[in-house]
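Worksheet: one structure, shown below.
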Amino acid sequence: MADDQKASMTGAQAIVSTLADNGVTACFANPGTSEMHLVTALDNEPRIRSVLCLFEGVATGAADGFARASGIPAMTLLHLGPGYLNAGANIHNAKRARSPMINVIGDHAVHHRGYDAPLTSDIKGLAGPNSNWLKSADTPQETGALASEAFMASLSDDPGPVSLLLPADAAWTEGAEKGPVVSPPSRPKVPDAEIAKTAKALESADAPVLLINGSGVGEAGLQAAARLEGAGIKVFSDTFLHRQRRGAGLFAPQRLQYFAEGAIEELQAFDLLVTAGTLSPVAFFAYPNTPSDLVPDGVKTLSLGGRETDSADTLARLAQALGTNAAAGAPEYVMPDMPTGDLSGFTIGQSLTRHMPENALVSEDGSINGTMSYMTTGAARPHDWMMLTGGSIGQGLPLALGAAIAAPDRKVIALTGDGAGMYTPQALWSMAREQVDVTCVVFINNSYGILNIELARTGAGNPGPTAKNMLSMGDPAIDWVQLSQSMGVPAVSVETTEAFDKALEETLAIKGPRLIAAHVTS
-18 MADDQKASMT GAQAIVSTLA DNGVTACFAN PGTSEMHLVT ALDNEPRIRS
32 VLCLFEGVAT GAADGFARAS GIPAMTLLHL GPGYLNAGAN IHNAKRARSP
82 MINVIGDHAV HHRGYDAPLT SDIKGLAGPN SNWLKSADTP QETGALASEA
132 FMASLSDDPG PVSLLLPADA AWTEGAEKGP VVSPPSRPKV PDAEIAKTAK
182 ALESADAPVL LINGSGVGEA GLQAAARLEG AGIKVFSDTF LHRQRRGAGL
232 FAPQRLQYFA EGAIEELQAF DLLVTAGTLS PVAFFAYPNT PSDLVPDGVK
282 TLSLGGRETD SADTLARLAQ ALGTNAAAGA PEYVMPDMPT GDLSGFTIGQ
332 SLTRHMPENA LVSEDGSING TMSYMTTGAA RPHDWMMLTG GSIGQGLPLA
382 LGAAIAAPDR KVIALTGDGA GMYTPQALWS MAREQVDVTC VVFINNSYGI
432 LNIELARTGA GNPGPTAKNM LSMGDPAIDW VQLSQSMGVP AVSVETTEAF
482 DKALEETLAI KGPRLIAAHV TS
């Protein structure tokens, strides 16, 4: 590039162009005044699809879904500290999913920071805990290089959200240059000596169990896991997975129970626990008289690489080291009969098994009913299931939006509870605006169902009127059909299993966003 061309580039243009050069193709934005030069830079960058989100939590949830579906980070535009805070819950979920994400956070001009204007805040202090990398481009000369660095950091050995702060004056000032195109490192592989040591330990154990996550729950990893279970090693997966390949023809590892006492009971049957692509399991919450560590006394543990490693490679080499030949079986697809009985997560899962197309992407944020649907779709046509890894509800609809942008040739299905869905219903508006191919199923029980269970489990006492009212959403009841239609997404309400099955079949046959309000019994 000639010197005069270099001098004409603003800091905002350098960031956007550099990210596009490195393969970023989507930006989920809720911009403000500080980001106007980024908005105009995106206007002149056809390689990046810009998606307006009406709430920052939708933008970051969508960026998470985009990364889970494609493996490539999207960028977001967030407005100063409050914008980051609005986005924070789904950044937390993305960090737990290890989803690469580049959050570009507009800041006051450097010379304006000292005036304590109303939107002044400690953005670095706010963003630091959930950012795997965080820097501020305080001059236009820094912008391009830092954009390359941010891209690299989001895909490093510890992938996840990164934060690049851009003061307004660095955005609007010329004199910037694009940063380099970089090649992120491949996932580290477990040393051969560790594989051999673990194989020997497994051969010596009477009742070994393997706990897997990461690429180990992708198709290649599951093929190796099937060989290990075929050799007599029980295989579990973590309870919550960023993206699991599953369905007919695919080995299905047992999913570790969510409730602590159930998980402990499951693991008591073993004498050796080996983890691959994950950490030793712990309880989701603390409970009275229940241990936080889910590994029972007397069960030895071995780590065969943490979350940063290529666990599919680990499992394949472990199977080879053990000389395993036979593989555990996998379900075959058989078209189920029309489900009957009360409408529930179970019967909805049966309908999904009947009608869900091959290679669908499922975004699940439905707590109890979502788990029921998961349990009854194990023999559906092959698909990918994306879970709530960070525990902060309100992910399901935005995640589906981002996944549909990343994979326009695949049907995306969002399963969400009515409580979770009300955290980020604005995602429906973006679905309609972008005309993405998403079928949304909202489990409606007018309640935070999981919290009613947890109320008893935590020993908080018998709920009185105030406690019950804090967990109920039925007064007034939310009309999801009207809500969805007001956002531009056609919707239908169903109350019976038969009506749901018919609505799902019809909805999945239509390309574009649709919503089914499913009034479930639990």
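Residue numbers (the working numbering): -18 to 503.
The beta-carbon is built from N, C-alpha and C at its ideal position, and this holds for glycine as well.
Everything numeric in this text was worked out from a predicted model, so none of it was measured.
Relative to the C-alpha of Arg49, which candidate in Asp346, Arg224 and Lys76 has its C-alpha closest? Arg224
Does Ser503 come out as helix, strand or coil in the three-state DSSP assignment? coil
DSSP puts His92 in a beta bridge; with which residues? Answer is none; His92 lacks a bridge partner.
Near Ala388, what residues of its chain come up, given a Cβ to Cβ distance below 8 Å and the 5 sequence neighbours on each side ignored? Ala50, Ser51 and Leu342
Go ahead and pull the three-state DSSP assignment for Gln225. strand
Using the beta-carbon count (16 or more within 10 Å), is Gln463 buried or exposed? exposed
In the structure shown, what three-state DSSP assignment does Leu237 receive? coil
Pair within 9 Å by beta-carbon distance, Asn350 and Leu396: yes
For Ser31 and Phe9, I'd like the C-alpha separation in whole angstroms. 6 Å
For the beta strand (DSSP E) containing Leu33, list its first residue and its last residue. Arg30 to Leu33
Less than 6 Å between C-beta atoms, sequence neighbours within five positions excluded: which residues of the same chain meet that for Gly469? Ala413
DSSP beta-bridge partners for Asp219? For Asp219, which the question treats as bridged, DSSP gives no partner whatsoever.
Determine the DSSP secondary structure at Trp461, reduced to helix, strand or coil. helix
So, are the CB atoms of Pro277 and Asn71 less than 9 Å apart? no
Residue interval of the alpha helix (DSSP H) (run including Trp153): Ala149 to Trp153
Could you tell me which whole beta strand (DSSP E) segments of length 3 or greater appear in the region 289 to 358? 342 to 346
Given that a residue counts as buried once 16 or more other Cβ atoms are within 10 Å of its Cβ, and exposed if not, what is Ser453? exposed
Just to check my reading of the structure: Ala326 and Val501 have Cβ atoms closer than 8 Å, yes? What is that Cβ distance to the nearest angstrom? It is Gly, not Ala, that sits at residue 326 in the sequence shown. At roughly 7 Å, the Cβ-Cβ gap stays under 8 Å, so Gly326 and Val501 are in contact.
Less than 7 Å between C-beta atoms, sequence neighbours within five positions excluded: which residues of the same chain meet that for Trp410? Leu35, Met468 and Gly469
Return the CA-CA distance between Ser503 and Gly95, expressed in angstroms with no decimal places. 54 Å
What's the C-alpha gap between Gly330 and Ala498? 15 Å
So, with DSSP's three-state summary, where would you put Gly38? helix
Which of the three DSSP states, helix, strand or coil, is assigned to Gly398? strand
Out of curiosity, what's the CA-to-CA distance linking Leu489 and Met337? 7 Å
Bridge partners of Ile512, per DSSP? Because residue 512 is not part of the residues shown, which for the chain are -18 to 503, the question remains open.
Note down the Cα distance separating Ile(-4) from Pro169, rounded to an integer number of angstroms. 29 Å
Distance between Gly141 and Met133 (C-alpha atoms, nearest Å): 11 Å
Endpoints, alpha helix (DSSP H) assigned at Trp410: Ala408 to Glu415
For a test of the three-state rule: what should DSSP assign to Ala10, helix, strand or coil? strand
Are Val171 and Thr290 touching if we call contact CB-CB under 9 Å? yes
Gln376 classed as buried or exposed, judged by whether at least 16 other C-beta atoms fall within 10 angstroms: buried
Note down, in chain order, each residue of its chain lying with its Cβ closer than 6 Å to the Cβ of Met117, except the 5 sequence neighbours on either side. Residue identity differs from the one stated: residue 117 is Ser in this sequence, not Met. Closer than 6 Å at Cβ, skipping near neighbours: Leu146.
When every heavy atom of the ligand NAP is checked, does at least one fall within less than 8 Å of the C-beta of Trp114? The ligand NAP is absent from the structure shown, which contains no ligands of any kind.
Along the alpha helix (DSSP H) that carries Phe424, what are the first and last residues, could you check? Here Phe424 belongs to no alpha helix (DSSP H); instead the beta strand (DSSP E) covers Val419 to Ile425.
Which residues mark the beginning and the end of the beta strand (DSSP E) in which Ala472 is found? Ala472 to Val475
7 Å CB neighbourhood of Ser15 in its chain, flanking five on each side removed: His60, Leu61, Gly87, Asp88, His89 and Ala149
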